[in-house]
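Q:
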Amino acid sequence: MIEDLREIGRSIIVASLIYIILIILTQNYVVKGKSMFPNLDDGQRVLVNKFIYFRIFSLDNSKIVIGDKFIFGGPKRDEVVVFKSPQLFQKEAIVKRIIGLPGDWIEIKNGIVLVNSKPTSENFGFTSSISFDEKMKVPESMYFVLGDNRNYSNDSRLFGFVSSDEIIGRVWVTYWPFSEFRIFG
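Residue 1254 is where the sequence shown starts when you use the numbering used here, and the numbers rise one by one after that.
Here is the structure:
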């Protein structure tokens, strides 16, 4: 009897530790709108890996300083990320695809996205005939993001660059509806 209680206690402790680790490392998110269609649809639920973009910090005069260097490497082109909305009126997090990295030059001509004057290999979504004639350089610690469904996306074309501080994490898996379960690379 006592051995059974110990085993139950150990199981509860292990389950609690796993739960706490998952809460720290991941976050649930519900996709809102059609801006990422056909890859993510309105109402889909995704699990976001928050730890993947964990940044190196240091102590400076007894203060913790978070740097711009990432332990596992920073966000990469074509990764789907969730970030805090840079728009003041919107409090919910947003999901988009990273197109431009710090230092990249971005242009959009006749619906074709050019990164450093080369067309991107976009086979993941819809493009539009929208042009953005201004050539922009992505500033340090910033990212240029677009929705896959360009015609229905409020993205960096509207609100500008996204700071690395605003990025919550990378979309890791879609888990609901279960019939659309998918692991992102």
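Yeah, the Cβ is synthetic: ideal placement off N, Cα and C, and Gly gets one too.
Model, not experiment: these values are computed from the prediction.
Do Ile1420 and Tyr1306 have their C-beta atoms within less than 7 Å of each other?
A: Taking the sequence shown and counting its residues from 1, one reaches residue 1420 at position 167. Taking the sequence shown and counting its residues from 1, one reaches residue 1306 at position 53. Contact flag set, yes.
Q: Nearest-angstrom Cα distance between Phe1414 and Ile1436?
A: The residue given as residue 1414 occupies position 161 in the sequence shown. The residue given as residue 1436 occupies position 183 in the sequence shown. Within the model, the alpha-carbon separation for Phe1414 versus Ile1436 is close to 27 Å.
Q: Taking 8 Å as the threshold, find out whether the stretch 1398-1408 comes into contact with the stretch 1285-1294 through three or more Cβ pairs.
A: Yes, they touch.
Q: Answer with buried or exposed for Val1444, where buried requires no fewer than 16 other C-beta atoms within 10 angstroms of its C-beta.
A: Because the chain in this structure spans residues 1254 to 1438, residue 1444 falls outside the shown range and cannot be described.
Q: Is the distance from the Cβ of Gly1422 to the Cβ of Val1299 below 7 Å?
A: The residue you call residue 1422 lines up with position 169 of the sequence shown. The residue you call residue 1299 lines up with position 46 of the sequence shown. It is not a contact, given that the beta carbons lie outside the stated cut-off.
Q: Between Thr1427 and Phe1434, what straight-line distance do the alpha-carbon atoms span, to the nearest angstrom?
A: By one-based count along the sequence shown, residue 1427 stands at place 174. By one-based count along the sequence shown, residue 1434 stands at place 181. The straight-line gap from Cα to Cα measures roughly 5 Å.
Q: Is the beta carbon of Ile1359 sitting closer than 7 Å to the one on Met1389?
A: Looking up residue 1359 in the sequence shown gives position 106. Looking up residue 1389 in the sequence shown gives position 136. It is a contact, given that the beta carbons lie within the stated cut-off.
Q: Comparing alpha-carbon positions, which option in Ile1277, Asp1295 and Arg1263 lies nearest Pro1430?
A: Along the sequence shown, one-based indexing puts residue 1430 at 177. Looking at the Cα atoms, Asp1295 is the closest of the given residues.
Q: In the DSSP assignment, find the unbroken alpha helix (DSSP H) run with Ile1361 in it and report its ends.
A: Along the sequence shown, one-based indexing puts residue 1361 at 108. Unbroken run through Ile1361 is the beta strand (DSSP E), Trp1358 to Lys1362; no alpha helix (DSSP H).
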